[in-house]
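According to the UniProt record's numbering, the stretch in the sequence shown is residues 1 to 249, in order. Even for Gly, the Cβ is constructed at its ideal location relative to N, Cα and C.
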Amino acid sequence: MIPDLERDYRPLYIRVQEALTELLDNQVYKPDDQLPSEPELAQKLGVSRATLREALRSLEERGIIIRKHGIGTFVSSPVSLIESGLEMLESIDSLARKRGFECLTQDLVIEREHASADIAAKLEIDEEDNVVVVRRTKVFDGEPMAYMHDVVPEKVAALEEIRKGFKGSVLDLLVKKSELLVAYAWANIRPVGADDFLAHKLAVRVGSPLLLLEEEPTRLSVTLPTGPISQSSIWRMTSTILSRLWLIS
């Protein structure tokens, strides 16, 4: 039992949440460590399993821990996942595999739309030009971790071409198609709250903190007549920061 819990009059699950965070801050449990089972952890903290679950749910929504169905609960290391994109562009699928996660794509929608004025300006195409929109949820080890929205000018890759060649990552598909390296893709990153749609897709509560990565259009290393090859938005479950970095998409 942690003594401070007995002298704190705030809601119990908040006190448990802070006690767990303190254990993580003090490196009692390090990134990628598996936490004790719920009964063991509840006994250690001197609280009920129901209260512990409420605290763990909050930590999970903030990206501090990751629950793997049938395996257990682990301390996440979200910063390292982001930092690995500082020196290179790499798909989230590839990064997940390197970290030992099973990365699946769910709720996949690939369809043709007309470019809005905003998208047309970003992709340097005419308004109402055809674009291919790819929407999907990324699931790591059974847990929804990101909702992704990519827009590709159809003159860069046609609808049927993307439907046939898509294996989870638009970035991987376009790089393979072009046989050229991607030069850069900046992303504006800001914290947002999950709306009804995102809460449903990511299995979190409405208002839960997410990171929105809004990409400035991706370009190839060689100037092509088509200009930018894609534009992406990614809503990710992770710690809230505000920065600019090379995009992981």
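Query                                                                                                                                                                    : Result
According to DSSP, simplified to helix, strand and coil, what is residue 193?                                                                                            : strand
Would you check if there are 3 or more beta carbon pairs closer than 8 Å linking the region 106 to 115 to the region 56 to 75?                                           : no
Are the region 152 to 172 and the region 126 to 138 touching, with three or more C-beta to C-beta distances below 8 Å?                                                   : yes
For residue 160, is the classification buried or exposed, using 16 other Cβ atoms within 10 angstroms of its Cβ as the cut-off for buried?                               : exposed
Taking DSSP as the reference, what is the three-state secondary structure of residue 135?                                                                                : strand
So, does the region 45 to 52 touch the region 118 to 130, judging by three or more C-beta pairs under 8 Å?                                                               : no
In this structure, how does DSSP classify residue 68 when only helix, strand and coil are distinguished?                                                                 : strand
For a quick check, are the C-beta atoms of residue 187 and residue 207 less than 8 Å apart?                                                                              : no
Can you check whether the CB of residue 33 is closer than 8 Å to the CB of residue 75?                                                                                   : yes
Taking residue 213 as the reference, give the member of 205, 189, 198 with the closest Cα.                                                                               : 189
In chain order, what residues of the same chain have a beta carbon less than 7 Å from the beta carbon of residue 130, not counting five sequence neighbours either side? : 112, 114, 154
Suppose you measure from the CA of residue 94 to the CA of residue 21; what does that come to, to the nearest Å?                                                         : 29 Å
Mind checking whether residue 52 and residue 38 have CB atoms under 8 Å apart?                                                                                           : yes
Determine the contact status of residue 237 and residue 117, defining contact as a CB-CB distance below 8 Å.                                                             : no
Compare the Cα-Cα distances from residue 231 to each of 149, 172, 73, 202 and report the closest residue.                                                                : 149
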